[in-house]
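So for the sequence shown, the numbering used here puts the first residue at 1293; every next one is plus one.
Written below as structure tokens is the structure these notes are about.
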Amino acid sequence: MDLQVCYNAGEDTFPLPQHIRERYGSFGFPAPADAGRPYLSSNFVMGLDGRASFKELPGHVDGKTVSRSRDDQWLMDFLRAHHDAQLIGAGTLRDEANPEGRGWDYGIDDEELRRYREETLRLGRQKVLVLSGSGNIDLTLRLFSSPRVEPWIITARDGHETLRSQLKKLGREGTVKIVSVGDGAQVDLLAAMQRLRQEHGIRTLLCEGGPTLYGEFLKNRLIDEDFRTMSCQVLGESTEPGIDRPTAYGQVSYRPETAPWFRLISLHHALPHHAFFRLRYEGPRTFQD
Ligand SMILES: NC(=O)c1ccc[n+]([C@@H]2O[C@H](COP(=O)([O-])OP(=O)(O)OC[C@H]3O[C@@H](n4cnc5c(N)ncnc54)[C@H](OP(=O)(O)O)[C@@H]3O)[C@@H](O)[C@H]2O)c1
């Protein structure tokens, strides 16, 4: 491992094993400003141009292709180990239907971190939540049969109906937890977050993308902090008209006075190609020009 600390002003609330503390420094979350919803972090890897996916190139769309870093993989497991649950958008699940077309289970690969989560933190099996309005999800993907994780789908009325009939056809009723929030095809993100905290006890949630979902959270001012891996390469524009390579920030657009700022909480590096930022949401700042 090449991960080293440059700066770390993070809280110190987790009982990290000594050699991990030496590598990473302290780690913890602050008391949440809104106890009615989970504390929401996000984790993305992006290139120097902010892009997060070689989106139009099948088999190369995922974050692992952008990162190409063992340290980034370890850090992803480290973050998964500390959060009550993870969340991805259905677009990410659909795009990342690799390897062998069956996708990832988004589980922790590092054996030590997996045991630390289970035995020291006692956070239980990883909950991997997928957000989908349409319910258009392939329930034969690896995520839905992996023994390492507990799959949940967050949806609304229309998606719930689609998923219920799919599960019935597959003879797999009751094998995937479905949380339905609201009518129609769109999920009200604040209401969904409140439901996760108040009815399902989820205190910390790690959003692992994709850009569309993250952008919606940001617009709704629900992001508390961001973990950003900077992979020192340029992805550039798509090679195919009509498919954009997204930045990590989705469809947001701001003016100078409304642009949200983030405060730097920690900075690590794995020389010579990777930097790892931990950033806390502050919101718009005012300046006396
Ligand atoms: N570099 C990285 O670290 C990283 C991380 C993650 C993903 N990625 C890449 O990003 C790409 C996928 O990103 P994406 O932006 O296309 O997709 P996405 O954000 O993962 O998913 C978008 C989908 O989420 C659902 N959704 C979002 N907001 C919703 C709401 N309010 N109510 C109901 N459903 C909602 C919708 O699903 P339905 O269509 O089912 O309604 C929507 O189509 C992939 O190429 C992936 O590999 C990169």
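Even glycine gets a Cβ: it sits at the ideal position worked out from N, Cα and C.
- Between the region 1358-1370 and the region 1391-1406, the count of C-beta pairs closer than 8 Å reaches three or more; the two stretches touch.
- Around the beta-carbon of W1553, fewer than 16 other beta-carbon atoms lie within 10 Å, marking it exposed.
- Using a Cβ distance threshold of 8 Å, P1503 and A1344 count as a contacting pair.
- The DSSP assignment places complete alpha helix (DSSP H) segments of no fewer than 4 residues inside the region 1439-1482 at 1449-1461, in order along the chain.
- At a threshold of 7 Å, T1504 counts as near ligand 1, since its beta carbon sits closer than that to one of the ligand's heavy atoms.
- Counting along the chain, G1575 sits inside the beta strand (DSSP E) bounded by residues H1566 to G1575.
- Note on geometry: alpha-carbon atoms of L1332 and L1563 lie some 29 Å from one another.
- When secondary structure is reduced to three states using DSSP, A1377 falls in the strand class.
- Using a Cβ distance threshold of 8 Å, R1315 and L1295 count as a contacting pair.
- Around the beta carbon of M1293, fewer than 16 other beta carbons sit within 10 angstroms, so the residue counts as exposed.
- When DSSP reads this structure, K1419 sits in a beta bridge with A1377 and E1442.
- For F1509, the enclosing alpha helix (DSSP H) covers residues P1503 to K1511.
- In the DSSP assignment, D1518 forms a beta bridge with S1334 and L1571.
- For N1300, DSSP records a beta bridge to S1558.
- About 7 Å separates the beta carbon of L1459 from that of V1468, a gap short enough to meet the 8 Å contact definition.
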